[in-house]
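In my numbering, the protein residues as written are 74 to 257. Structure record follows, encoded as structure tokens.
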Amino acid sequence: MNANDGRNSDSDATDFLKLMQEAGVTPLEHDKVVHETTKKIPHYQQKKIVEHPNKTIDPFSDDGEVELLLAGDVLSYCSHGIQKNTFRKFRNGRYPITDEVDLHGLNIQQARILLLDFLEHTLTASNHCVRVIHGKGHRSTGNKAILKTKVNHWLKAHPRVLAFHSCIQVDGGTGAVYVLLRSL
């Protein structure tokens, strides 16, 4: 309906509500749709992020200069020994996600500590898939994804990481990454 046709929008709303009431239509309690997922993914419980001065192993090195990734860049890494067919299934999201960690809103140091703790303590059966949510970096200046760049660098350095690849769209797209871990 056009605003210039002479009718009052308040009158239209009143007429509409009256017609709906006469038809026996009842209003919904709220207009938000809740989608239930068939599988529940355990979410890694974020502990209070503090420095761990007694950590003996920190495989994350920030040495060297790393080119910053862009928000839409796809992350992909496969260590030696992973079969091509296995990696293809993995990167297409065909492995069940057994755990996940969300690094959104954390600074680099907090994300580093949480990711290291997650990788060291996540219990998986042999060679299972977890998801690391790092975000796309849209809020970064110049569309440079700083946290995504760091996660890419850190995952390559961790001894438990066999492979990783950006998620398919339904699992977070280029704002998250599947990680294939060797068992503890």
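By construction, the Cβ of each residue, glycine as well, lies at the ideal position given by its N, Cα and C atoms.
Comparing C-alpha distances from residue 235 to each of 252, 248, 220 shows the shortest one belongs to 252. DSSP places residue 209 outside both helix and strand once states are collapsed to three, so it counts as coil. For the set 208, 256, 250, the Cα lying nearest the Cα of residue 150 is the one of 250. In the three-state DSSP reduction, residue 250 falls in the strand class (E or B).
Between residue 142 and residue 218, the CB-CB gap stays under 7 Å.
Counting along the chain, the unbroken beta strand (DSSP E) around residue 173 starts and ends at 170 to 175. Going by DSSP, residue 234 is part of the beta strand (DSSP E) stretching over 234 to 239. With contacts defined by Cβ atoms closer than 7 Å, residue 145 and residue 206 do not form a contacting pair. Non-local beta-carbon contacts of residue 210 in its own chain, meaning distances under 6 Å to residues more than five positions away in sequence, involve 144, 218, 221 in chain order. Checking the DSSP bridge columns, you'll see residue 203 partnered with 252. Shown here, residue 142 sits in a strand according to DSSP, grouped into three states.
Taking C-beta atoms as the reference points, residue 192 and residue 233 count as a pair closer than 7 Å.
If you draw a 10 Å sphere on the C-beta of residue 185, you find 16 or more other C-beta atoms in it, and that means buried. In the same chain as residue 181, and ignoring 5 residues on each side of it, the C-beta atoms closer than 8 Å to its own belong to 219, 220, 223, in chain order.
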